[in-house]
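J.: In our numbering, the protein residues as written are 99 to 372. Every residue gets a Cβ at the ideal spot worked out from N, C-alpha and C, and that includes glycine.
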């Protein structure tokens, strides 16, 4: 590593900015009643909220907002490390050195000295496969062990499938995946009794619906669509159109509760053209 004075000017500015944040965190922790009161547990839900705010900013491609939200999340990371240092467990240097060592260890095709030999990874898939194998060598008992249990189900399905693929367990062709989607659709339809209107076994129908969603996530992965992002964009589109419907109804002195579906459809179709 180069001495600080030999670093490029911008890198020096970046390091000084990080030092400034660490210093402010120390001062807040020592002097501010609210900051002194916080614990790892009390910050957890706030960090989750900040992460979703960053996600929203990314979907909106709002770079000024992304910058702001990254700052908020960085504050939380520094906060956690400061609390841990007070407990005598680790500090920010330990956190940063830990991730640096892991990145070097998990990229033997870039850092061959750390791997004790040459490792080839010329494609993204090879990198992922190496990554999962290295995690198993580090003590993970299952390729799927690194998938957080509290992830939203749609995101979790994507991560499970990605990790299984990294271990070599995956479909070979996209068409095979689509055939699985159609198969699951028919099984769900049969369980739902959609053509007869008969009473359904809710538990079995739920299971088949879950299988259908999982297969759709799988197909989305094969055609490079992130299902979480796709669904969230559709959510935002629906909200925008529904709010347009509400505004147009109010402007014409109408309440949605008093309108027919056909009347609402007029405004809904207008919203599609706005």
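Could you give the uninterrupted runs of the alpha helix (DSSP H) lying entirely in the segment 238–281, keeping only those of 4 residues or more?
T.: Here the runs fully enclosed are 251–264.
J.: From this set, 146, 205 and 188, which residue's C-alpha is nearest residue 171's C-alpha?
T.: With distances taken between Cα atoms, residue 171 lies closest to 146.
J.: CA-CA distance, residue 310 and residue 149?
T.: Cα to Cα, residue 310 sits roughly 29 Å from residue 149.
J.: Here's the rule I'm using: 16 or more other beta-carbon atoms within 10 Å means buried, otherwise exposed. How should residue 238 be labelled?
T.: Result: exposed.
J.: Whose C-beta lies closer than 6 Å to the C-beta of residue 371 among residues of the same chain, with five residues either side of it excluded?
T.: Hits under 6 Å: none found.
J.: Using the Cα positions of residue 225 and residue 201, report the straight-line distance between them to the nearest angstrom.
T.: Distance between the alpha carbons of residue 225 and residue 201 is about 12 Å.
J.: Which term fits residue 261, buried or exposed, when burial requires 16 or more other beta carbons within 10 angstroms of its beta carbon?
T.: By the 10 Å Cβ count, residue 261 comes out buried.
J.: For residue 174, which residues from the same chain have a beta carbon less than 8 Å from its beta carbon, with the 5 sequence-adjacent residues on both sides left out?
T.: Same-chain partners within the cutoff: 141, 144, 145 and 148.
J.: In the DSSP assignment, find the alpha helix (DSSP H) that holds residue 187 and state where it starts and stops.
T.: That residue, residue 187, is in no alpha helix (DSSP H); it is neither H nor E in DSSP.
J.: Note down, in chain order, each residue of its chain lying with its Cβ closer than 7 Å to the Cβ of residue 268, except the 5 sequence neighbours on either side.
T.: Answer for residue 268: 262, listed in chain order.
J.: First and last residue of the alpha helix (DSSP H) that includes residue 301?
T.: Residues 300–320.
J.: On a CA-only basis, which of 285, 351, 176 and 324 is nearest residue 53? Give me that one, please.
T.: As shown, the chain starts at 99 and ends at 372. That puts residue 53 outside it, with no answer to give.
J.: Between the segment 311–321 and the segment 268–281, do three or more beta carbon pairs fall short of 8 Å?
T.: They touch, by the three-pair rule.
J.: Helix, strand or coil for residue 206 per DSSP?
T.: Three-state result, residue 206: coil.
J.: What is the DSSP secondary structure of residue 165, counted as helix, strand or coil?
T.: In this structure, residue 165 counts as helix in the three-state DSSP scheme.
J.: Just to confirm my understanding: we take residue 354, look at its own chain, exclude 5 residues before and 5 after, and list those with CB closer than 8 Å. What are they?
T.: So the list reads 343, 344, 347 and 362, once near-sequence residues are dropped.
J.: Which of the three DSSP states, helix, strand or coil, is assigned to residue 130?
T.: It is coil, neither helix nor strand.
J.: So is residue 206 buried or exposed if we call it buried at 16+ other beta carbons inside 10 Å?
T.: Result: buried.
J.: Use the C-beta contact count for residue 282: other C-beta atoms within 10 angstroms, 16 or more gives buried, fewer gives exposed.
T.: It counts as buried.
J.: Taking 7 Å as the cut-off, is the C-beta of residue 322 nearer than that to any heavy atom in the ligand NAD?
T.: Within the structure as shown, the ligand NAD is missing, as the structure has no ligands at all.
J.: For residue 325 versus residue 252, is the C-beta spacing smaller than 8 Å?
T.: Yes. Within cutoff.
J.: Starting from the C-beta of residue 222, find all residues in its chain whose C-beta is less than 7 Å away, skip the five residues before and the five after it, and write them out in chain order.
T.: Contacts found: none.
J.: Among 351, 341 and 356, which one has its Cα closest to the Cα of residue 367?
T.: The shortest C-alpha separation from residue 367 is found at 341.
J.: Give me the residue from 179, 163, 169 and 136 with the minimum Cα distance to residue 189.
T.: If we check each option's Cα against that of residue 189, 179 comes out closest.
J.: From which residue to which residue does the alpha helix (DSSP H) around residue 75 run?
T.: Nothing can be reported for residue 75: it is not among the residues displayed for the chain, which extend from 99 to 372.
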